[in-house]
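Participant:
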DNA sequence: TTTTAATCGAGACGGTACGTCGCGTCTTGTT
DNA sequence: AACAAGACGCGACGTACCGTCTCGATTAAAA
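Protein chains in written order, with this note's numbering: chain D, -3 to 211; chain S, -3 to 211; chain V, -3 to 211; chain Y, -3 to 211.
Written as structure tokens, this is what we have:
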């Protein structure tokens, strides 16, 4: 999935002589109307009943205009959600590793409780069956975050906060995996909240085995 | 989702007088043909293109016969998969907790690599958007396994293998969450294999922090 | 074009055990509603703007129901028109050949002036470009009438009313051709009325050359 | 239909100052490319699938350039065909009336068997439903020919070849109507060839009734 | 020679209709 | 009574063209 098929080109450079029309004014308005409509409709009635025709109607746009930019509904929602979501749960370094992840993971649980998070969760579900969506999520959501997080882990290793022989990805699977487990794998009373993040971090950073002198 | 609407009743007891007819011979054949067809078609062309009409054709069965038993495609596949999957990755106690989970988790990764696992993964994805499916997965797949695993963890606590103050569910999220993370959240080179399970267990049971005298 | 794909079977015979459903009550109603709607819409806004969707809406019927019976709009209109038109301009023998054709041709001009005639004219136009429609018109409209007319001509020959060496089809082209010429080939002040029929018959039966003793 | 909207003005006169540019070189090329493309495409795949977009592509011309000159596809084809067809079946006086029409009608049957004739036939069909096309055919094809033919008939009357009391239009409907009947009204084995023309003329000029002393 | 204004190609836009697929309901014999 | 068969109303799909509307990029004329 390479959406939008034609990338919206930043207007910040001086000369934009020959941008394709939809990058220009008329088309840009249509693009935005489509993205807005898709979010609006997804919120109103669930991702599953968002249709291209529905979006076209709601956005006051022709179906062809949509198909000129995106191949299907998931890719529209993907664009719409990611443009808003990437900033919503940043990963920023705090004084300690534990604190860094505490902050990040709490933001993440908050994100998934909100409108865009609900849609993102549905998209991750859908990605199990739609390869192009899988790639898009990986490229535009997961990997950029992982890259950052790996770097932070490595700095924590250098600082002696965690064992230097660990596979950083395994550590991330441990931390974030627990969250996504509660999010995606249905399980009674698996609340996803700040309390859970703290208990989780206790277990991960404190270790789960009985250590002499720890009790 | 309450599927199957009509539970297939075991014939092993002596009197089956009051079973609905389709549970008897004619209907039982149809039921089985439907389940088989759904798996066959899901494998052939992806869960997303499995349709009630397709199953009816393939199974040589009328659509009404399908709708008499299940409300939609996911519920058919749910039944078809679970009947085979629940036995495929049992959780059985080994000599140590670590060993117990090592065995269980390796079986699980193997399961998700196979035909039924692929379908189950797609169903978990679909469940993000279909409440009844979410419940079914919880009730018939996740909770039974969690219940067992919790008990084993508690026995490990009593034996002193792990800290007794831990929330068992958090520990399970830690262990299995990492696996599901790799399974569901697309991430480059996130291989799901036995090696990963071992490294993961090292981190969980060994702890991730630098411990005096461990280096 | 073999429309309707499934012929409406007369119910007059005693046993109609296994007619396809649309021949039975529900379907028969739909069929009639479609035919009625097509005529209604053709009259309202011209054959060219009759669409399958429009007919479906007007008839309160699903598009698929239409496509199950007919392949396109022209074939619907063809059925609708012919069911009414074949009786409207019968060819019936009168006391003389000239009288026979006078009556028939006057009926024909009247037919083409009416609702169904206007549609039939448009269909003949459309047939220039749609082979299946051409065949349908030939089989169900033109040929049956020509067959009758040829026979009447032959009887006229036997009675000595016209030359026995004539090609009957050529005579028919002469008579009816003049009418269709005025109908189809646009030509100013080419009125198509009873007066024209009489003048035409004068020319054909009287001959156009100057005959000794005729003046 | 007033096509072409902008009349192609002959360049033979000395001053062409005020001609719109497309009548000059650049535009003239485009105009010709459009006309050629329309004929080419009509021949390739039938008049019904000739589209403005198709012509634009084939001619390497923008859609706007087409719409600047013609309002729709039929008018383009009308122009394209008439520019070639008017010369193809001229009506020229021969030694006798019968000979005059024999030659003319044979040329006409030949015309309708060729590429342009097939398109013209389709246009006449289309004209049943498109008023502006009807007018164009009348003004630019039918009437000029009728005017000529009427005059020739009148001279034949003066020469005593045919009855002077006849309505010339009726005679023309008789003669040409037979041809158009075979052309437009589908009828099995209604071959349109020179043999038919001869037999037809025999019937018209010989009369169809049994005449004393003719046998 | 340079400007300038009409026309050009290209193709996006809002629409309408197409013909198809699958849904879940229904109806009709058959088993 | 449940079954196979399949028609039904419905909603959405993705595509083809419609006729309108910007866009720079040619031109060929006027300045």
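Backbone N, C-alpha and C define an ideal beta-carbon position, used for all residues, glycine too.
All values reported here derive from a predicted model rather than from experimental measurement.
Would you report the Cα separation of residue 134(V) and residue 49(D), rounded to the nearest angstrom?
Facilitator: For residue 134(V) and residue 49(D), the gap between their C-alpha atoms comes out near 43 Å.
Participant: Mapping DSSP to helix, strand and coil, what is residue 204(D)?
Facilitator: coil
Participant: Identify the contact partners of residue 139(V) in chain Y, using a Cβ-Cβ distance below 8 Å as the criterion.
Facilitator: 183, 184
Participant: For a cutoff of 8 Å on Cβ pairs, would you count residue 194(D) as touching chain S?
Facilitator: no
Participant: Should residue 185(V) go down as buried or exposed, given a rule of 16 or more other Cβ atoms within 10 Å for buried?
Facilitator: exposed
Participant: How many angstroms separate the CA atom of residue 72(V) from the CA atom of residue 195(Y)?
Facilitator: 38 Å
Participant: Threshold first: 4 residues or longer. Then list the alpha helix (DSSP H) segments lying entirely within the stretch 165 to 195 of chain Y, N to C.
Facilitator: none
Participant: In chain order, what residues of the same chain have a beta carbon less than 6 Å from the beta carbon of residue 103(D), not counting five sequence neighbours either side?
Facilitator: Leaving aside the five residues that flank residue 103(D) on each side, the residues in its chain whose CB is nearer than 6 Å to its CB run, in chain order, 85.
Participant: Which runs of the alpha helix (DSSP H) fall wholly inside the stretch 56 to 92 of chain S and span at least 4 residues, in chain order?
Facilitator: 59 to 63, 69 to 81
Participant: Show which residues of chain Y have a CB atom less than 9 Å away from the CB atom of residue 167(V).
Facilitator: 199, 204
Participant: Can you name the residues of chain D whose CB is closer than 8 Å to the CB of residue 115(S)?
Facilitator: Those within 8 Å of residue 115(S) in chain D number zero; the least Cβ separation is about 10 Å.
Participant: Would you say residue 44(D) lies against chain S (beta-carbon separation less than 8 Å)?
Facilitator: yes
Participant: Please tell me whether residue 123(V) and residue 182(Y) are closer than 8 Å, where the distance is taken between their beta carbons.
Facilitator: yes
Participant: Just to confirm, are residue 188(V) and residue 197(V) a CB contact at a threshold of 8 Å?
Facilitator: no
Participant: What's the gap between the Cα of residue 113(V) and the Cα of residue 132(Y)?
Facilitator: 23 Å
Participant: Check whether the Cβ atoms of residue 204(D) and residue 158(S) lie closer than 8 Å to each other.
Facilitator: yes
Participant: Residues in the stretch 24 to 44 of chain S with C-beta within 9 Å of chain D's C-beta atoms, listed in sequence order?
Facilitator: 42, 43, 44
Participant: Ignore the nearest five residues each way along the sequence and tell me which others in residue 109(V)'s own chain have a CB closer than 8 Å to its CB.
Facilitator: 188
Participant: Under 8 Å Cβ-Cβ, which residues of chain S neighbour residue 124(D)?
Facilitator: 117, 118, 120, 121, 122, 180
Participant: Against residue 176(D), what residues of chain S qualify as contacts under a CB-to-CB distance less than 9 Å, listed in chain order?
Facilitator: Against chain S, a Cβ distance below 9 Å from residue 176(D) picks out 173, 176, 177, 180, 181.
Participant: Just mark residue 105(D) as buried or exposed, buried being the case when its beta carbon has 16 or more other beta carbons within 10 Å.
Facilitator: buried
Participant: Which residues in the same chain have their Cβ closer than 6 Å to the Cβ of residue 17(Y), if we skip the five residues on either side of it in sequence?
Facilitator: The predicted model places residue 17(Y) with a pLDDT of 48, which falls under 50 and marks its position as unreliable, so this point remains unresolved.
Participant: Out of 35(V), 193(V), 62(V), which has the shortest C-alpha to C-alpha gap to residue 78(V)?
Facilitator: 35(V)
Participant: In terms of residue numbering, what span does the alpha helix (DSSP H) encompassing residue 28(Y) cover?
Facilitator: In this chain, the alpha helix (DSSP H) harbouring residue 28(Y) covers 21 to 41.
Participant: Apart from the five residues just before and just after residue 166(D), which ones in its own chain have a Cβ nearer than 7 Å to its Cβ?
Facilitator: Excluding positions up to five away in sequence, the list is empty.
Participant: Under 9 Å Cβ-Cβ, which residues of chain D neighbour residue 130(S)?
Facilitator: Against residue 130(S), the close residues of chain D are 182, in the order they occur along the chain (beta-carbon pairs closer than 9 Å).
Participant: Sorted by chain position, which residues of the same chain lie with C-beta nearer than 8 Å to residue 47(D)'s C-beta, five sequence neighbours on each side aside?
Facilitator: 69
Participant: If you draw a straight line from the C-alpha of residue 32(S) to the C-alpha of residue 83(S), how long is it?
Facilitator: 18 Å
Participant: Of all the CB atoms in chain V, is at least one closer than 8 Å to the CB of residue 51(Y)?
Facilitator: no
Participant: Are the C-beta of residue 104(S) and some C-beta of chain D separated by less than 8 Å?
Facilitator: no
Participant: On the CB-based measure, 16 or more other CB atoms within 10 Å of its CB, does residue 100(Y) come out buried or exposed?
Facilitator: buried
Participant: Return the chain-ordered list of same chain residues with a C-beta closer than 6 Å to the C-beta of residue 171(Y), the five sequence neighbours on each side being excluded.
Facilitator: Cβ within range, chain order: 97.
Participant: Since residue 55(Y) contacts residue 30(Y) with CB under 8 Å, what's their CB separation in whole angstroms?
Facilitator: 5 Å
Participant: Ordered along the chain, which non-local residues of its own chain (more than five positions away) have a Cβ less than 7 Å from that of residue 118(S)?
Facilitator: 43
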